[in-house]
């Protein structure tokens, strides 16, 4: 100003007076013809006579208004006619002159000119924007409005001049320019928004920081909540920041955070105004976020890095100062709750912060009373937030904060496993609210609990979620599949099945899931938990029985617990309303059989015993429910125990197995040549390795005798379960039809020929015809001792043993031939063959006696045989046993059934004629010294029929 005054004094006063008179005269008669000269005169006065600034700027307003008017009219003409009129060159020249002059003044002395010119240009832009709003189809869209006005030379020049003002003060003081921007924005919003957007995009950091600062200064001077609500400058701040948020969200968030952090720093040199501003910072930010969802989202997005428990401990001292900006403490709390509910991002961060405050134990600078107060306020705030969410969810109203939490569903699921009851409860309620809107959230949460819950309390959330009134149980997608829990099981089991069908599938550890499923089923079966009266666990298992049985057949690691689950379901049952499909029946039967043999291979005694019992329980229900299952179970049990690799578990002699690591000559030859020329009748001997001698046999591990005995006992128990008869819904003894089926299966598996498999015994001489088949059967019994136990088991159900007549006949025929060839001195010399032959003979007689095929005294032959010579044994087997069986066909019709369901033959009524016992009598009489006591029991002291 001083420099300009000196320049003016050096100029002739008369010239300045003439210029002034010309300017005054010209403005009275303003027209397009004299406007260029008049503008030059105005610019001279502006430079040489500062006192004329107001008049000159007023004239400039007319110039720019005329330019804007001409521009708008040309646009409207183009819209009407489709032709763009020629631009007015005078307007271009005048605007160009003004632009150059003002830019020069700003460059020469920005401190003196920039604030004044900036205020004038902004006010003029506001007036022009408001005056021509609605003209030339000016859109309400900010971007379109900006493009329209930036195409106008006049308004573009004004924006450029204002930008020059801001850039010249960027390193000194821009507060005056920003304040003018805010005032103009308040006055001419929303038509002025495009100017704010352009200026802000040119100086984002400066504008954002200064706008926040100016707004805070004005906000801190408000003395009541009514002044806050009616503050136009506050709304202008929100509008400007809202325009910039699209491209500068990060800058806005950083500026707000920096303003907040500065308010927390206590500086002794702060003035009273600065202290007042610091106290007003939090209410100021809260009001900004309340008025702009964009600002709210930008802050909530990074809550964890802005607010901490320690910071909240510091802020609690300022709460009394905040109340005046909101009216009452309740209004402040409602304001905060409203903001939290409107958060579109970071909702879970806010809840975690409140939960941290609710669990606070240590806080620097706070005594126990203060910590208690923080905890209580946090719990109250948390409860109010959840109640608001629940009310909105019940009325079908969307809640932004809840939608934000849906993006962090994994973190919410983790809350259910927290050791803190409050955190668990919050997670549970959030799951319910989210699940009300999207049932898939419920399924995901229940799946998570099933896989990771390790305590009854954690698992209890599964019951609470499924049975909650907030859960819509009529959603078609879930009600059709048996409910939400059924869908959970379907997804888990499908993943488990894929684990075995897809090699690239990641390893799934579902051990906890199986444990939790079993626990839920046990809870349901106990009838002690009212929430389980709806039987959702059983219904879900029924819906997924196909997948469950498929997993049971392929699972290895968790097979015992799956078997326990299947056993406790009690499926299938004749009295149950659930009718499993045939695929389930067959799959479960096969799986149960496989599970039984897996248990037999197990080393742990207790695990093995419980597993076999489970398998027997499952097979019992299956065989009672379905005849198809019974046939399959018996066939699979017998076939695997007699002929498959599992046979060694029951004492079968394993065939010689060679070490697979040894080289085979045949394979080596094939590697050298694709084809090996052999004649039609060539034979390949592979009994050894050239240079190394005879191939060594690979001997498998020998199974202890007690283990074999235990396995056989368990197999018999399982077979008994498969043959169990159910009468009047109560289990009784074995079914004759089932035992007959078992007997026929034995014959089918052991006898290699279908010929001569009938019940009658032919003449003893006829055994020469079937000798090869008889020896094969005998060899089977020798290599597979289990057959003796199976035959004895069949003999318990006496009529069923008749169908095994061919096996007993073959054994007896081979025994007669072998005893004939046995020397008389074999017994005295301790021949091992003699001992084996005698044991086999006794076993055959025992089976026939147990099945009452041989009546007394023939049934007591086993006690006589050890004292006889070989030829005497031959005579007894041929004359007594064979002849009796030949003349008395072993038929089921010989047996009667008593009131207890037991089939038997009266030993008194069925005593054999003397011709079948004379040979035995004579032989015993010859050996009276050793068999006298037996002779008395068999022929003298016998009961008589009355």
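In UniProt numbering, the protein residues as written are 1 to 946.
Every residue, glycine too, gets a C-beta built ideally from N, C-alpha and C.
These figures come from a predicted structure and were not determined experimentally.
Closest in alpha carbon position to residue 313, among 940, 263, 371, is 371. Between residue 154 and residue 71 the beta-carbon gap is near 7 angstroms, inside 8 angstroms, which marks them as a contact. A residue is called buried once 16 or more other Cβ atoms fall within 10 Å of its Cβ, and residue 904, having fewer, is exposed. Within the region 311-372, the runs of alpha helix (DSSP H) at least 4 residues long that lie entirely inside it are, in chain order, 319-322, 329-341, 347-358. Each residue's CA atom was taken as its position, placing residue 269 and residue 203 some 31 angstroms apart. With a minimum length of 4 residues, the unbroken runs of alpha helix (DSSP H) contained wholly in the region 511-570 fall at 511-526, 536-543, 545-554, 559-569. When beta bridges are read from the DSSP output, residue 903 appears opposite 897. Note on geometry: alpha-carbon atoms of residue 280 and residue 332 lie some 13 angstroms from one another. When the alpha-carbon of residue 489 is set against those of 517, 479, 523, 498, the nearest one is in 517. One Cα belongs to residue 150, the other to residue 178, and the distance between them is close to 21 angstroms.
Between residue 93 and residue 146, the alpha-carbon positions lie close to 23 angstroms from each other. Taking the Cα positions, residue 743 is about 53 angstroms away from residue 465. Contact annotation: residue 257 and residue 306 have beta-carbon atoms nearer than 8 angstroms.
Annotated as distal: residue 300 and residue 348, with beta-carbon spacing of 8 angstroms or more. Look at the region 381-452 and you find no whole run of beta strand (DSSP E) that is 3 residues long or longer.
According to the DSSP assignment, residue 733 belongs to the beta strand (DSSP E) that extends over 730-734.
For residue 525 and residue 901, the gap between their C-alpha atoms comes out near 34 angstroms. Classified as exposed, residue 937 has fewer than 16 neighbouring CB atoms from the shown chains inside 10 Å of its CB. Between residue 718 and residue 791, the gap from beta carbon to beta carbon reaches 8 angstroms or more. Using a Cβ distance threshold of 8 angstroms, residue 870 and residue 916 do not count as a contacting pair.
In summary, residue 544 is buried, with 16 or more beta-carbon neighbours lying within 10 Å of its beta-carbon over all protein chains present.
Membership of residue 126 in the alpha helix (DSSP H) is indicated by the continuous run 110-131. Assigned with DSSP and collapsed to three states, residue 573 falls in coil, not helix or strand. Rounded to the nearest angstrom, the gap between the Cα atoms of residue 541 and residue 520 is 11 angstroms. Of the residues 878, 290, 105, the one whose Cα lies closest to the Cα of residue 813 is 878.
Straight across, the Cα-Cα distance linking residue 894 with residue 565 is about 45 angstroms. Taking C-beta atoms as the reference points, residue 536 and residue 485 count as a pair closer than 8 angstroms. Straight through space, the alpha carbons of residue 113 and residue 164 are spaced by roughly 11 angstroms. Under the three-state reduction of DSSP, residue 590 is assigned to helix.
Setting aside the 5 residues that flank it on each side, residue 883 is surrounded in the same chain by 916, each with a C-beta closer than 7 angstroms to its C-beta; the list follows chain order. Assigned with DSSP and collapsed to three states, residue 888 falls in coil, not helix or strand. A straight line joining the alpha-carbon of residue 158 with that of residue 124 spans about 8 angstroms. Secondary structure of residue 938 (DSSP, three-state): helix. Exposed is the label assigned to residue 644, since fewer than 16 other Cβ atoms lie within 10 Å of its Cβ.
Counting only runs of 4+ residues, the alpha helix (DSSP H) found wholly inside the region 577-646 occupies 582-601, 605-625, 627-643, in chain order. Residue 462 and residue 412 have their C-alpha atoms spaced approximately 14 angstroms apart.
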